[in-house]
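Enquirer: Let me give you the structure first, and then I'll get to my questions.
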Amino acid sequence: MDAYITKIKAISERLLKDGTVEAVIGFREGTLPTMSEPCFIKRSDDVKDLVWNANCRINLANYLTNRKEKIAIVAKGCDSRNIVNHIIENKIKRDQLFIIGVPCKGMNDKDTGALQDNCATCTHRNPVIYDELAGDLVEEQTGVDKYADVKKVEAMTTDEKWAFFNNLYASCTRCYACRNACPLCYCPTCFVDESKPQWVGKGEDPIDVRTYHFLRAYHCAGRCTDCGSCEAACPQNIKVRQLTKKLEKDCAELFGWEAGLTLDKRPPLDTFSIDDPNDFIK
Amino acid sequence: MKNLMEHMGVEPGRLQFSWISSAEATKFVDVVKQVTEKVKELGPNEKFIKKTVKVA
Ligand code: SF4
Ligand code: SF4
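Heads up: the protein sequence lines correspond to chains A and B, in order. 240 is the number that the working numbering gives to position 240 of the first sequence; each next residue is one higher, with no gaps. 15 is the number that the working numbering gives to position 15 of the second sequence; each next residue is one higher, with no gaps.
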């Protein structure tokens, strides 16, 4: 980690000094313990504020949306996959970016300090796209079962499933931290904030809460990289990845798709192929 | 969509999809019949429905 940060600082300082970029997006010490916070560094003197540790959970691709200037960004494996998403979805141009890749061995859970759930089963620790690396590539994990928890739910009866999700979301306050932390959620007006028409009630009625979570997840279908930013941001510690992971699994099984790995292929939900599975249509 | 609805505990059969052209009258009738049957079997939707306060 120390070697990483020395390298990140050196690269950032160089890029800011020679004018390659106008800003560096990275992490600095947060105001709470065990929480590093995202920051924009615009002057080479401020590079000293950058940090790198196991609390850099938030996905930095989130801060690239519609930026116009040239930017350097510190990217773990998952961040780099969301950068790929952003480029594919025309939210940023590749030539605006200088990607400082950080091979990652996982972030720590903000409460338990153990390896974060999604990191424990991550198979893309190395950045998939980068201009310069802050350290040597790490070995990828193999043989992990990414979907053990999804399978558990799949095996339940309909009523058990309903109860499971009621329970899961029971303490949700609709603060939308999960949405805001997600790089995929960049719509100028989110469906939950619309009032004409109002698609979904804004209170804590369990059906409204569920509708919110269901639709949030669905909007991430074929795009979610399981970066865990949403879960890390939730003040109520709700396992909000349960639904996005089911979609990730479906995308892998139905379309052989994993999000954010290549710039050359369109995501499954925005292309038509004659082999698309359609057994659900009668 | 269907998979995810069912994953979170909506009964299979509650949500159904079909593709019917405006010229396929018989298919339309058949599908409506099938959907009605299936949904009657499931009974009224007790889950994914918002209970609002009734003001008489
Ligand atoms: S929905 Fe997926 S991409 Fe978005 S923050 Fe959560 S894990 Fe990351
Ligand atoms: S961050 Fe947690 S409490 Fe806030 S809306 Fe998301 S799930 Fe609910």
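We treat Cβ as the ideally placed atom computed from N, Cα and C, and that holds for glycine.
Return the CA-CA distance between I41 of chain A and T34 of chain A, expressed in angstroms with no decimal places.
Expert: Taking the straight line from one Cα to the other gives about 21 Å.
Enquirer: What distance in whole Å lies between the Cβ atoms of C224 of chain A and T244 of chain A, which are believed to be in contact at a cut-off of 8 Å?
Expert: Yes, T244 of chain A and C224 of chain A are in contact; Cβ-Cβ is about 4 Å, under 8 Å.
Enquirer: Where do the ends of the alpha helix (DSSP H) carrying R14 of chain A lie?
Expert: Here the alpha helix (DSSP H) through R14 of chain A covers 2 to 17.
Enquirer: Can you round the beta-carbon distance between I11 of chain A and I100 of chain A to whole angstroms, since I take them to be within the 8 Å contact cut?
Expert: Going by Cβ atoms, the distance from I11 of chain A to I100 of chain A rounds to 5 Å, so yes, they are a contact pair.
Enquirer: What are the residues in the stretch 207 to 230 of chain A lying within 9 Å of chain B by C-beta distance?
Expert: Listed by position, the residues of the stretch 207 to 230 of chain A near chain B (Cβ gap below 9 Å) are I207, D208, R210, T211, H213, F214, A217, Y218, A221.
Enquirer: At a threshold of 7 Å, does Q198 of chain A count as lining ligand 2 (C-beta to nearest heavy atom)?
Expert: No, ligand 2 has no heavy atom inside 7 Å of this Cβ.
Enquirer: Short of 7 Å Cβ to Cβ, which residues in the stretch 11 to 37 of chain A face chain B?
Expert: Under the 7 Å Cβ criterion, the stretch 11 to 37 of chain A contributes no residue.
Enquirer: If you count every other CB in all the chains shown that lies within 10 Å of the CB of N167 of chain A, and 16 or more means buried, which is it?
Expert: N167 of chain A is exposed by the Cβ-count criterion.
Enquirer: Is the beta carbon of C230 of chain A sitting closer than 8 Å to the one on C182 of chain A?
Expert: Going by C-beta atoms, C230 of chain A is nearer than 8 Å to C182 of chain A.
Enquirer: Rounding to the nearest angstrom, what Cα-Cα distance links E204 of chain A and R174 of chain A in this structure?
Expert: So the alpha carbons of these two residues sit roughly 7 Å apart.
Enquirer: Quick one: what does DSSP say G26 of chain A is sitting in, helix, strand or coil?
Expert: If DSSP states are grouped into helix, strand and coil, G26 of chain A belongs with the strands.
Enquirer: Please check if any C-beta of chain A sits within less than 8 Å of the C-beta of N3 of chain B.
Expert: Chain A, which has a Cβ nearer than 8 Å to the Cβ of N3 of chain B, makes this yes.
Enquirer: Output yes or no for whether 8 Å exceeds the beta carbon distance between I88 of chain A and L64 of chain A.
Expert: Not closer than 8 Å, so no.
Enquirer: According to DSSP, P38 of chain A sits in a beta bridge with which residue or residues?
Expert: Answer by DSSP bridge pairing, in chain order: A:F27.
Enquirer: Do you know whose CA, among A:V138, A:N237, A:Y176, A:P103, lies nearest K202 of chain A's CA?
Expert: Ranking the options by Cα distance to K202 of chain A, first place goes to A:Y176.
Enquirer: Would you say the beta carbon of C182 of chain A is closer than 7 Å to some non-hydrogen atom of ligand 1?
Expert: Within the cutoff, so yes.
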